[in-house]
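Q: Residue numbering for the sequence shown follows our numbering, starting at 28 and increasing by one per position. I am attaching a structure below and will ask some questions about it afterwards.
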Amino acid sequence: MRILFSGVPALGHLLPLVPLARAAQAAGHDVALLTSGGMREPMSTELPTVPVLAAGPMPPDLFAEVARRIPGSDPANRPEPAAVAEFFAGTRVDLTVDDALRAARGWEPDVVVADAVDLVGPLVAAELGVPYAIVAFGPEVPEEFRRPMAELVLPRYEQRGVVPTPPVALLDPTPVSLQAPGWTQPPVTIPFRSEPHSRPDVAAEQPLAPFPASEWRPRVLVTLGTVFGDATLLTAILDGFHPDEVDVVATVGVIGERLDDTEHVHFLPFRPMRELLEGVDLVVAAAGAGTVLAAASVGVPMVLLPQGADQFINATRAAEAGVAVVVDEPSAVGPAVHRMLAERSHFAAARRLGEETAQRPSATDAVRELVDRVERIA
Numbered sequence: 028m029r030i031l032f033s034g035v036p037a038l039g040h041l042l043p044l045v046p047l048a049r050a051a052q053a054a055g056h057d058v059a060l061l062t063s064g065g066m067r068e069p070m071s072t073e074l075p076t077v078p079v080l081a082a083g084p085m086p087p088d089l090f091a092e093v094a095r096r097i098p099g100s101d102p103a104n105r106p107e108p109a110a111v112a113e114f115f116a117g118t119r120v121d122l123t124v125d126d127a128l129r130a131a132r133g134w135e136p137d138v139v140v141a142d143a144v145d146l147v148g149p150l151v152a153a154e155l156g157v158p159y160a161i162v163a164f165g166p167e168v169p170e171e172f173r174r175p176m177a178e179l180v181l182p183r184y185e186q187r188g189v190v191p192t193p194p195v196a197l198l199d200p201t202p203v204s205l206q207a208p209g210w211t212q213p214p215v216t217i218p219f220r221s222e223p224h225s226r227p228d229v230a231a232e233q234p235l236a237p238f239p240a241s242e243w244r245p246r247v248l249v250t251l252g253t254v255f256g257d258a259t260l261l262t263a264i265l266d267g268f269h270p271d272e273v274d275v276v277a278t279v280g281v282i283g284e285r286l287d288d289t290e291h292v293h294f295l296p297f298r299p300m301r302e303l304l305e306g307v308d309l310v311v312a313a314a315g316a317g318t319v320l321a322a323a324s325v326g327v328p329m330v331l332l333p334q335g336a337d338q339f340i341n342a343t344r345a346a347e348a349g350v351a352v353v354v355d356e357p358s359a360v361g362p363a364v365h366r367m368l369a370e371r372s373h374f375a376a377a378r379r380l381g382e383e384t385a386q387r388p389s390a391t392d393a394v395r396e397l398v399d400r401v402e403r404i405a
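Written out as C-alpha cells, the structure reads:
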C-alpha cells in the first residue's frame with residue numbers, strides 16, 4: 028500500500044508520525060512524507076529512505092501572513108482560537124494546498140495519514156478520492172479550537188467542488204488518563220503506544236559525562252522543546268534550583284548559544300528523547316506534547332512551565348492526571364522540584380501512567396489495523 032504521511036512543517040508535528048512511518052516501511056508499504064521542503068534535511072535523519080514531497084512555506088512565513096490577515100495576532104505565543112484556526116485552516120491551507128496536490132497526484136497514494144492539525148492532508152485526500160486518517164500528537168484538542176478550524180477550512184473544500192469526509196481512523200498515542208475528564212474515545216480510534224523519540228538506525232551520541240560524586244542526587248532533565256526557549260529563560264530556571272539538591276541535564280537545542288557546564292549542570296544539544304531520559308528522575312519542560320507523552324511513557328513525573336501553542340492544554344491534562352506540577356514563572360520551577368522530590372506522590376502517579384502506556388498496542392499493530400480498514404473500503 029502507498030501511504031502518504033502529511034504534517035505541519037515543525038518537528039513537534041512530524042516526529043509523532045515517525046514511529047508509524049517506520050512501522051509502515053517495515054511492513055513493506057511504500058511511504059512518503061508531505062510537508063514543507065524546509066523540513067527535508069531534519070527529516071532525512073529520522074526517515075532516511077522516505078521521500079519528502081515538498082509543499083508550502085515554513086512557519087515563519089505562515090506566521091507573518093497570519094499577522095497580516097489578523098493584525099496583532101500571535102497564534103504561537105498567544106494561542107487564541109481565531110488566530111490558531113487562521114494559521115492551520117486558513118493561511119497554511121491557502122499557501123500549501125496547490126503544491127501539495129501536485130506532489131500527491133504524482134505520487135498516487137492509497138491513503139493519506141495527517142497530523143491532527145494538518146488540514147492540508149485531508150483536503151488533498153478529498154481531491155484525490157482516497158481515504159485519510161488522523162494522527163493525534165497529544166491530548167485531544169478542545170472543541171473551542173477544533174470548531175473554528177473546521178468552519179474556516181470548509182469554504183476551501185467548497186471552492187474546489189469537493190466534500191469533506193470523516194477519517195477512516197484516528198491513530199491516538201495518548202493514554203486515557205491524559206485526556207480531559209469525561210472524554211469519550213471516538214469510534215474510529217486506533218490506539219497505539221507513545222514512545223520517546225529515538226533513532227534506532229543512527230549511532231547514539233557520546234554518553235553523558237558522569238557527574239562528580241553524585242550517586243545520591245536525583246537527576247533532572249530540563250528541556251524546553253523544539254520551538255520555545257532562550258538562554259535567559261533556561262538560566263532563570265536553573266538559577267531557581269536548590270543548591271546541591273539535583274544533577275541537571277539541560278538541552279539547548281533551540282537556543283543556539285553555548286552555555287558552559289558546571290559541576291552539577293551539563294548542557295546538551297538536541298538529542299532523541301529516549302537518550303535524554305536515561306537515568307532521569309524528573310523532567311522540567313514547557314509541556315510540548317512530545318515531551319509530556321515521552322515522560323509519561325517511562326513513568327517520570329514533570330514540572331511544567333508552558334510557553335505557548337498547545338502547551339497549556341498538555342500541562343493541564345498532566346496536572347489533572349497527577350503526574351505534573353504546573354508553574355507560571357521560571358523562578359517557581361526550583362521550589363516545585365524541591366517539593367515534588369520531598370512528597371513523592373507524583374512519582375507513584377507517573378509510574379501508573381507508564382504502566383498504562385505500556386499496555387497500549389504498538390505502532391506496528393496500529394498500522395496493520397489502518398491498512399485493514401483501508402483495504403476493506405477499497
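Backbone N, C-alpha and C fix where the C-beta goes; we use that ideal spot for every residue, glycine too.
Are the Cβ atoms of residue 118 and residue 96 separated by less than 8 Å?
A: In contact: residue 118 and residue 96 (Cβ atoms closer than 8 Å).
Q: So, with DSSP's three-state summary, where would you put residue 41?
A: Of the three classes helix, strand and coil, the one that applies to residue 41 here is helix, per DSSP.
Q: DSSP three-state call for residue 399: helix, strand or coil?
A: Helix, per DSSP.
Q: With DSSP as the reference, label residue 246 as helix, strand or coil.
A: strand
Q: For residue 201, is the classification buried or exposed, using 16 other Cβ atoms within 10 angstroms of its Cβ as the cut-off for buried?
A: buried
Q: Can you tell me whether DSSP reads residue 30 as helix, strand or coil?
A: strand
Q: Just to confirm my understanding: we take residue 477, look at its own chain, exclude 5 residues before and 5 after, and list those with CB closer than 8 Å. What are they?
A: The shown model of the chain, from 28 to 405, leaves out residue 477, and the question about it has no answer.
Q: Under the rule that 16 or more other beta-carbon atoms within 10 Å means buried, what is residue 40, buried or exposed?
A: Counting Cβ neighbours within 10 Å, residue 40 comes out buried, since at least 16 surround it.
Q: Quick check: the Cα distance between residue 386 and residue 379, rounded to an integer number of angstroms?
A: 11 Å
Q: What residue does the beta strand (DSSP E) around residue 87 start on, and which one ends it?
A: First-last for residue 87: 86–96, but that is the alpha helix (DSSP H), not the beta strand (DSSP E).
Q: Quick one: is residue 212 buried, meaning 16 or more other Cβ sit within 10 Å of its Cβ, or exposed?
A: exposed
Q: Between residue 206 and residue 149, which are expected to be in contact by the criterion C-beta below 8 Å, what is the C-beta distance as a whole number of angstroms?
A: With a Cβ gap of about 22 Å, residue 206 and residue 149 do not count as contacting.
Q: Please work out which residues of its chain come closer than 8 Å, Cβ to Cβ, to residue 63, disregarding the five sequence neighbours upstream and downstream, and give them in chain order.
A: So the qualifying residues of the chain are 36, 81, 82, 83, 84, 85 and 123.
Q: Using DSSP's beta-bridge definition, name the partner residues of residue 159.
A: 139
Q: Please look up how many angstroms separate the CB atoms of residue 307 and residue 248, rounded, as I've assumed it's under 8 Å.
A: 5 Å
Q: List the whole-angstrom C-beta distance separating residue 267 from residue 358, where the pair is believed to meet the contact cut-off of C-beta under 8 Å.
A: Indeed they touch by this definition, with Cβ atoms about 5 Å apart.
Q: Which of helix, strand or coil does DSSP assign to residue 357?
A: helix
Q: Can you check which of these residues, 278, 174 and 332, is closest to residue 297 by C-alpha distance?
A: 278
Q: Give the DSSP bridge partners of residue 329, in chain order.
A: 310 and 351
Q: For the beta strand (DSSP E) holding residue 294, just list the boundary residues, first then last.
A: 292–295
Q: Hey, how far is the Cα of residue 145 from the Cα of residue 173?
A: 12 Å
Q: Please list, in chain order, all residues of the same chain as residue 127 whose beta carbon is under 7 Å from its beta carbon, the five residues on each side excluded.
A: 61, 82, 83, 147 and 151
Q: Would you decide whether residue 104 is buried or exposed? Buried here means 16 or more other CB atoms lie within 10 Å of its CB.
A: Label assigned to residue 104: exposed.
Q: Taking residue 311 and residue 330 to be in contact with their CB atoms under 8 Å, please state how far apart those CB atoms are, rounded to whole angstroms.
A: 5 Å
Q: Can the beta-carbon of residue 301 be found less than 8 Å from the beta-carbon of residue 221?
A: no
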